[in-house]
Structures are given as C-alpha cells and as structure tokens.
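Trainee: The structure's right below; bear with me while I get my questions together.
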Amino acid sequence: MRPLEVFAVLFIVLALVLWAVWLRASRLDRLHRKVVSARAVVAAQLVRRATVAAELATSGLLDPVSSVVLGESAWQALAVSTTASTTAPDTRAVLGDAASAVQPGPGPAESELTATLTELLSDDPEVDRLRDDPLGAELLDQLAAAWYRVQLARRIHNEAVAQAQRVRRGRLVRTFHLAGHAAEPKTLELDDSMPQTLNEQSRT
Numbered sequence: 001m002r003p004l005e006v007f008a009v010l011f012i013v014l015a016l017v018l019w020a021v022w023l024r025a026s027r028l029d030r031l032h033r034k035v036v037s038a039r040a041v042v043a044a045q046l047v048r049r050a051t052v053a054a055e056l057a058t059s060g061l062l063d064p065v066s067s068v069v070l071g072e073s074a075w076q077a078l079a080v081s082t083t084a085s086t087t088a089p090d091t092r093a094v095l096g097d098a099a100s101a102v103q104p105g106p107g108p109a110e111s112e113l114t115a116t117l118t119e120l121l122s123d124d125p126e127v128d129r130l131r132d133d134p135l136g137a138e139l140l141d142q143l144a145a146a147w148y149r150v151q152l153a154r155r156i157h158n159e160a161v162a163q164a165q166r167v168r169r170g171r172l173v174r175t176f177h178l179a180g181h182a183a184e185p186k187t188l189e190l191d192d193s194m195p196q197t198l199n200e201q202s203r204t
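Numbering (this note's numbering), first residue to last: 1 to 204.
Printed below as a string of structure tokens:
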C-alpha cells in the first residue's frame, strides 16, 4: 500500500476508535447521572413514607406505646431520608464527570421503620380498626401508596446501577479509564417489604 493509503486507513481506524470511546463515555456519563437522579427519587419517596408514618403516630388512633415507638422510628427515618433527598439535587447540579455518583442514602433507619410498621400493621384486627376510622383509612391508603412507590423507585435505581456497573466493566471503559474518578455506583439495599395488609391496597 502507498503511504497515503496507509495513512488514510490509520486515520479511519483511529476515528472509529475515538468515536467508539466517545459513545461509551457518553453512555457511562448518562448512566451515572441516571443513578444519581434515581437515588434522589428513592429518597423523596422514603421521605413521603416516613411523613405518613409520623402522621399516623401522632393521629391519636394508636395506643400510647405504639405511637411513641412508631413516632421515634418515623422521625429517625425522616431525618436520614430528608438529608439524602436534599443532597442529591445539589450533587446533580455540580456533577461534571459523575464523581459523586454514589450518594449517602437510606440505611438502617429506613429498614427499622419497615420493621416497626410491619409489626404494627400485621395485626388484621388492628388494621381493620384503623380502617373503620375515616382518618385511619386515609392514612393507611397514603402509606400503602407511598410504600409501593418506594419499592418501585428502589427497583428502578438498582436496575440503573446494574447497567452502570456492566458498562464500567467493559474493555473500552477499563482501557481508557473512562470512569475517571467516579465512584462505582452501588445498589441500595434496605428492607422495604410491605405487610400483606397493605400490599393489595397499594395497587388499587
């Protein structure tokens, strides 16, 4: 081949490589941003669930002991979730290379609220008694809807994390260090299982 032809072939190959690298870097950046956005949605839904739980605790519909236990658990979860939901949007605003793709988020406090609510609402007679009261029925409906949205948002978040992790393991990403200094996204693990007494109601 003539030198000019060799140069043309090399130029085309280089252009294709650069194009592939750019596509992969763009996809990875979008996935990192999607993870951050999804985590903010999870945090917002957890805030809603904790808020309704706090309203139930202060409604006067529960016995004093249950009100205190649920109130403490709800406020602890609310404090954690509120911090996460107000931090994530700020992070997105300054996100350049998705270096903050992994945000501090919900954890034991949210799982503890799940356990507290499950223990309280697994008693069918107690749930029936709450539903007999208009305020109790409204709060249970709101709690079921918020809880279901928590589950859905966490599922979407974890799927986005799985996609980002797969892309980060790709050859181009590893060879050209396309992830930069961005922390690897992690799935959000917490107990968000809903009591059966609320599970069907959440989908109505």
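Each residue gets a CB set at the ideal place from its N, CA and C atoms; glycine is no exception.
1. Would a C-beta distance cut-off of 7 Å place D29 and T114 closer than the cut-off?
2. Taking the beta carbon of H157 as the centre, do at least 16 other beta carbons fall within 10 Å, making it buried, or is it exposed?
3. Cα separation between G107 and L140?
4. Hey, could you find the ends of the alpha helix (DSSP H) P3 is sitting in?
5. Rounded to whole angstroms, what's the CA-CA distance from L188 to V150? Just pull it up for me.
6. If you compare alpha carbons, which of V65, V127, L78, V6 is closest to E112?
7. What does the alpha-carbon distance come out to for the pair R131 and R168?
8. Would you call the stretch 68-77 and the stretch 42-57 touching, i.e. three or more CB-CB distances under 8 Å?
9. State the DSSP-derived secondary structure class of T205, mapped to helix, strand or coil.
10. What's the call for T175, buried or exposed, on a 16-neighbour Cβ count within 10 Å?
11. Using three-state DSSP, classify G60 as helix, strand or coil.
12. Let's see if you can read the secondary structure: which residues bound the alpha helix (DSSP H) around T197?
13. Within its chain, find whatever has a CB closer than 8 Å to the CB of V21; leave out the 5 residues flanking it on each side and keep chain order.
Mentor: Looking at the atomic coordinates:
1. no
2. buried
3. 23 Å
4. 3-57
5. 11 Å
6. L78
7. 49 Å
8. yes
9. No answer is possible for residue 205: it lies beyond the span of the chain, which begins at 1 and ends at 204.
10. exposed
11. coil
12. 196-199
13. L172, F176, L178
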